[in-house]
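Heads up: the sequence shown is residues 13 to 179, going by our numbering.
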Amino acid sequence: MAYRAEALRQDLSIGLHTVTEINQSIRYADTKAGALAAVQALAVTVLANRSAAGTADLAPALLFALGLVLVMASAALLVAGQFPRLSNKTAPGSRNAFPALAMMPPLSVQTAPSLARQHQQVWQQAADLANIAMTKYRWLHRATVGTFLALATVLLGLGMTAWFTQR
């Protein structure tokens, strides 16, 4: 029995470390999303500037319009990844997941669950956070691809504008 308790304590410690690391991965995804949003804002600024300058040629104008559509679509993908995905699987009474913790009466929060229960709760929280992190990274990947397509379109439009003005 003492061996099992020690093994549970060690695995609980690993689980808590895993939760911390996954939380860091979620923060990294959010930071990358912020940087990508800045790139998208720059693309919109370039498009707005080109729109104000106007262009007499149809091809660059169509590319700028397509670029704007692509930037907006990639921004929507980026926003989709920012919505929290809180699991309903979190067991009531878990002190590791803030939705469950917020619903607990104050006296229950002060009562420590058994070692086996803590072990189960921390690994459930790790699984929930891993799911959130993977979802955020999937949406971030999609938004990144969309943003690169938008930037390529905008740059092609700028190149065509320069080419048409030189002829």
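Idealized CB from N, CA, C, for every residue including glycine.
Quiz prompt | Buried/exposed call for valine 166, threshold 16 Cβ in 10 Å | solution = buried
Practice problem: Excluding the 5 residues preceding and the 5 following alanine 55 in the sequence, name in chain order all residues of the same chain whose CB lies nearer than 8 Å to its CB. | Solution: Gly79, Val83, Thr159, Ala162, Leu163, Val166
Practice problem: Have a look at phenylalanine 76 and glycine 169 and give me their C-alpha separation to the nearest angstrom. | Solution: 6 Å
Exercise. Give every residue of the same chain whose Cβ lies closer than 6 Å to the Cβ of proline 96, excluding the five residues on either side of it in the sequence, and list them in chain order.
Key: none
Quiz item: What is the residue span of the alpha helix (DSSP H) that alanine 109 lies within?
Solution: Careful: alanine 109 lies outside any alpha helix (DSSP H) and carries neither H nor E.
Self-check item: Spatial neighbours of serine 86 in its chain, beta-carbon cut-off 7 Å, leaving aside the 5 residues before and after
Solution: Gln52, Ala155, Gly158, Thr159, Ala162
Self-check item: Minimum C-alpha distance to leucine 59 - residue among Asn108, Pro72, Ala47, Leu113
Solution: Pro72
Quiz item: Does the distance from the CB of glycine 93 to the CB of threonine 43 come in under 8 Å?
Solution: no
Exercise. Report the option in Val134, Ala19, His153 whose CA atom is closest to the CA atom of threonine 30.
Key: Val134
Quiz item: What do you reckon, are the CB atoms on alanine 49 and leucine 24 nearer than 8 Å?
Solution: no
Quiz prompt | Cβ neighbours of tyrosine 149 in the same chain (closer than 7 Å, five flanking residues each side left out) | solution = Ala41
Practice problem: Could you have a look at proline 96 and say whether DSSP puts it in helix, strand or coil? | Solution: coil
Quiz prompt | Assigned secondary structure, alanine 124 (DSSP; H/G/I helix, E/B strand, else coil) | solution = coil
Practice problem: Would you tell me roughly how many angstroms separate the C-alpha atoms of threonine 32 and serine 120, rounded to the nearest one? | Solution: 24 Å
Self-check item: Proximity of isoleucine 34 and leucine 141 at Cβ, strictly below 8 Å
Solution: yes
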